[in-house]
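Colleague: Take this structure, written in structure tokens, and hold onto it; I'll ask about it next.
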Amino acid sequence: MLIQLSIRNIILIESCDIALKSGLCVLSGETGAGKSILLDSLGLVLGARADSSLIRGGEAQGAVSAEFDITRNIAAKNILAELDLEPADTLIIRRSLTSDGKTRALINDQSVTASALKRIGETLVELHGQHDQKTLQDAVLHRAMLTDYAKLTDAQKTVAEHYHKWNESKNAIAELLKEVELATREQEYLRHMRGELKVLNPQFGEEDTLTTARAGMMQSEKMFEVLNEAIGELNSGKGVLSALRNSQRTLTRSALTATAEVFAPIIEGLEKASIEAEEALYALEKIGQEAQFDPRKLEEMEERLFALKAAGRKYNLPVDELAVLRDEVDEKLAIIDSQEHKLKAMKMAESEAKSEFLNHAKKLSEQRRKAAIKLESAIEKELTPLKMEGTRFRVRIDNLEETNWGAHGIDYVQFECATNVSKGAKDITYSSLGKIASGGELSRFMLAMKVALSSVGSVSTIIFDEIDTGTGGAVADAIGKRLAELGKNSQVLVVTHLPQVAARGSQHLLIQKQQKNKKIVTNVTELSGEERQEELARMLAGETITTEARKAAQKLLEQAA
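Here you go:
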């Protein structure tokens, strides 16, 4: 509920602090005194559009703050959590605006956007004006109101969950059909691609592997050429090894040289040289034998690289992505090849999801229809004390076409009424609530609905802005009684010109204009005792308050007590 409203420099209000109480709070005052300023100010802290024209003349800035008790307001607490604001049982909302159009909004001293302010504001206050017909005309709201009245929120959530599952199944089938249609159109080309890629069989990272191996092979080829040349030099003519051994044998066969000391080191040197030459030749030949160079392999690697790069150019892809392309082609063709089986399975799943949704939606529909009978009775019961005995109320529930089914279920809900119905009439013609001719009747109907639905309302503060316009006498007294009844479950603020309504308030605020420093300002005063009686007398008599008016005011207060 709204605990405190503070206003600074808004239109005619210079400074105003209003402490509000639970129950029915009435706001009275002469026409033009500034009652609408209070509502505009409250709207500002609840996220309404900020306009610099609201700032009091001659001032650079205007501000409004409001304090709410949200101890039992679960919806408001949920939005606080969604906005990552600290949990609290009390909300202090401040909004300021400057003459250059800049605004700032704070919730419990934490900055928020205007849209966030509006979201939380919708859970705090509900405003109904004499021309407010949105709720009465909107069938979507009628369905939501009936669902809340019947306390079917959980059942509604279950229906919504199953609807989303069914919808996801339908969307999945639609997407599959699109893919199949597209794939079918390019089926021949896909099969050609698959044939080429299957033969090519590209592997991820293959290009780098082949390039590295090819470089190594080419390096081995150059080394192999050097080895061959070195071995060739050693084997040219009769060969170095053969020459060394022949020279050694020649010297050792001759008696002259074999025994001569001068030839001994020469013969020994030739032997060592032949052994080292033999080892060198063996080492060169072994290296050549172990060398990786293989002309056939090199040719195969070059042909493979050429084929991979050609395929990459053809499909305009890096070589490493050819393997991915092959898998994608296989997948697309698999979709085409297995479409009947997959579609059949998906359609079975979709059918099951639809059946589940319908099952829960029909149960919800049955519960709504049972609740509709109770709501009809509750609202007609409220219409009687509001002097609308000839008005009949009906909750019309129709089955929607499948194309209009949704998370809400399968029902179209419309609140309808018939006026001036004689007692016992059978052939009654009902119309939508928005077609009620009298503005007074429309206001009373709104009040009757709010009283009937008050036990399930999530908003703890309800404001009625002159909804009693066009009524008077016994009807005005009946409106006052119903507002007071509504005030037992919710905080109700009503702007009124009727003393019969004002007398029922548990709190009475007087809004009046006064002159201050040669300027007209609006002040708000809480009335009690004789001051309140005097205001009721003014509302009864007008400008000249008579003794009879004061007595009548006293009687109204006594009746309301």
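Residue numbers (the working numbering): -9 to 551. Glycine residues also receive a C-beta, built at the ideal position from the N, C-alpha and C atoms.
Starting from the C-beta of G308, find all residues in its chain whose C-beta is less than 7 Å away, skip the five residues before and the five after it, and write them out in chain order.
Modeller: The identity of residue 308 in the sequence shown is Pro, whereas the question assumes Gly. G302, listed in sequence order.
Colleague: Suppose you measure from the CA of R294 to the CA of G185; what does that come to, to the nearest Å?
Modeller: For R294 and G185, the distance between alpha carbons rounds to 17 Å.
Colleague: Using 10 angstroms around the beta-carbon of S31, count the other beta-carbons present and answer buried if the total reaches 16, otherwise exposed.
Modeller: Buried.
Colleague: Can you round the beta-carbon distance between L499 and M135 to whole angstroms, since I take them to be within the 8 Å contact cut?
Modeller: So it is not a contact: roughly 30 Å between Cβ atoms.
Colleague: Taking the alpha helix (DSSP H) that D467 belongs to, which residues open and close that run?
Modeller: Segment G463 to L476, the alpha helix (DSSP H) holding D467.
Colleague: For E49 and L87, what's the separation of their Cα atoms in angstroms?
Modeller: So the two alpha carbons sit approximately 11 Å from each other.
Colleague: Within a Cβ cutoff of 6 Å, which residues of the same chain sit near A427, ignoring the five residues on either side of it in sequence?
Modeller: In this predicted model, A427 has a pLDDT of only 47, less than 50, meaning its place in the structure is not dependable enough to derive any value.
Colleague: Give the C-beta separation of S18 and M529 to the nearest angstrom, bearing in mind that I take them to be a contact with Cβ-Cβ under 8 Å.
Modeller: Contact holds; Cβ gap of about 6 Å.
Colleague: Provide the residue span of the alpha helix (DSSP H) that contains F194, from first to last.
Modeller: Unbroken run through F194: none, as it is neither H nor E.
Colleague: So, L333 versus L166, is the Cβ gap smaller than 9 Å?
Modeller: Going by C-beta atoms, L333 is nearer than 9 Å to L166.
Colleague: For S450, which option in T21, K92 and I110 has the closest C-alpha, if you only look at C-alpha atoms?
Modeller: That would be I110, whose Cα lies nearest to the Cα of S450.
Colleague: Could you have a look at E330 and say whether DSSP puts it in helix, strand or coil?
Modeller: Looking at E330 - three-state DSSP - the assignment turns out to be helix.
Colleague: Just how far apart, CA to CA, sit L517 and Y153?
Modeller: Going from the Cα of L517 to the Cα of Y153 covers about 55 Å.
Colleague: Return the residue from the list V189, E456, K506 and A493 that minimises the CA-CA distance to T21.
Modeller: The residue with the shortest Cα to Cα distance from T21 is E456.
Colleague: If you draw a straight line from the C-alpha of V12 to the C-alpha of T409, how long is it?
Modeller: Residue 12 is actually Ser in this sequence, not Val. Their backbone Cα atoms lie some 34 Å apart in a straight line.
Colleague: Considering just the uninterrupted stretch of the alpha helix (DSSP H) at V230, what are its terminal residues?
Modeller: Per DSSP, V230 belongs to the alpha helix (DSSP H) from V230 to R243.
Colleague: Measuring alpha carbon to alpha carbon, tell me which residue in G259, I363, L75 and G229 is nearest T242.
Modeller: Looking at the Cα atoms, G259 is the closest of the given residues.
Colleague: What residues are listed by DSSP as bridge partners for I453?
Modeller: According to DSSP, which records beta bridges pairwise, I453 is partnered with L117 and L483.
Colleague: Taking 6 Å as the limit between beta carbons, can you name the residues of its chain near G470, skipping five residues before and five after?
Modeller: Within the same chain, G470 has close Cβ partners Q490, V491 and R494.
Colleague: Counting pairs of beta carbons, one from the region 228 to 238 and one from the region 315 to 325, are three or more of them closer than 8 Å?
Modeller: Too few Cβ pairs lie closer than 8 Å, so no.
Colleague: DSSP puts K509 in a beta bridge; with which residues?
Modeller: In the DSSP output, where bridge partners are listed per residue, K509 has K506.
Colleague: Between the Cα of A150 and those of D59, K503, W395 and V484, spot the shortest distance and give me the residue it belongs to.
Modeller: Nearest of D59, K503, W395 and V484 to A150, Cα basis: W395.
Colleague: Over the uninterrupted beta strand (DSSP E) stretch that includes N(-1), give me the two end residues.
Modeller: Per DSSP, N(-1) belongs to the beta strand (DSSP E) from L(-8) to I0.
Colleague: Taking 7 Å as the limit between beta carbons, can you name the residues of its chain near Q357, skipping five residues before and five after?
Modeller: Taken in chain order, the residues that qualify are A140, L142 and A145.
Colleague: Given 8 Å as the limit, is there contact between the region 346 to 366 and the region 386 to 395, that is, 3 or more CB pairs closer than that?
Modeller: At 8 Å Cβ cutoff, the stretches touch.
Colleague: Could you name the residues of the same chain whose beta carbon sits closer than 7 Å to that of K67, not counting the 5 residues immediately before and after it, in chain order?
Modeller: The answer, listed in chain order, is I60 and P77.
Colleague: What first and last residue would you give for the beta strand (DSSP E) that runs through T80?
Modeller: First-last of the beta strand (DSSP E) with T80: T80 to T88.
Colleague: Which runs of the beta strand (DSSP E) fall wholly inside the region -7 to 49 and span at least 3 residues, in chain order?
Modeller: Counting whole runs of 3 or more residues, the region -7 to 49 contains the beta strand (DSSP E) stretches 3 to 9 and 14 to 18.
Colleague: Report all residues from its chain with a CB closer than 8 Å to the CB of L547; omit the five preceding and five following residues, and keep chain order.
Modeller: Cβ neighbours of L547 beyond the five flanking positions: A493, R522, Q523 and L526.
Colleague: For my contact list, G24 and I3 are in at a C-beta cut-off of 8 Å; report their separation, rounded to the angstrom.
Modeller: Yes, they are in contact, since the Cβ atoms of G24 and I3 sit about 7 Å apart, within 8 Å.
Colleague: Mapping the DSSP letters down to three states, classify V252 as helix, strand or coil.
Modeller: Three-state result, V252: helix.
Colleague: With distance defined between alpha-carbon atoms, name the residue in V441, M336, S5 and L114 nearest to A37.
Modeller: The question names Ala, yet the displayed sequence has Gly at residue 37. For the residues V441, M336, S5 and L114, the minimum Cα distance to G37 belongs to L114.
Colleague: Between D467 and chain D, is any beta-carbon pair separated by less than 9 Å?
Modeller: Among the chains in the structure shown there is no chain D, since it carries only a single protein chain.
Colleague: Which value, in whole angstroms, describes the spacing of the CA atoms of L190 and I163?
Modeller: Going from the Cα of L190 to the Cα of I163 covers about 34 Å.
Colleague: Using a Cβ-Cβ cut-off of 6 Å (strictly less than) and excluding sequence neighbours within five positions of A474, which residues of its own chain qualify?
Modeller: Excluding sequence neighbours, A474 sits near L14 and R494.
Colleague: Apart from the five residues just before and just after G477, which ones in its own chain have a Cβ nearer than 6 Å to its Cβ?
Modeller: The answer, listed in chain order, is G13 and L14.
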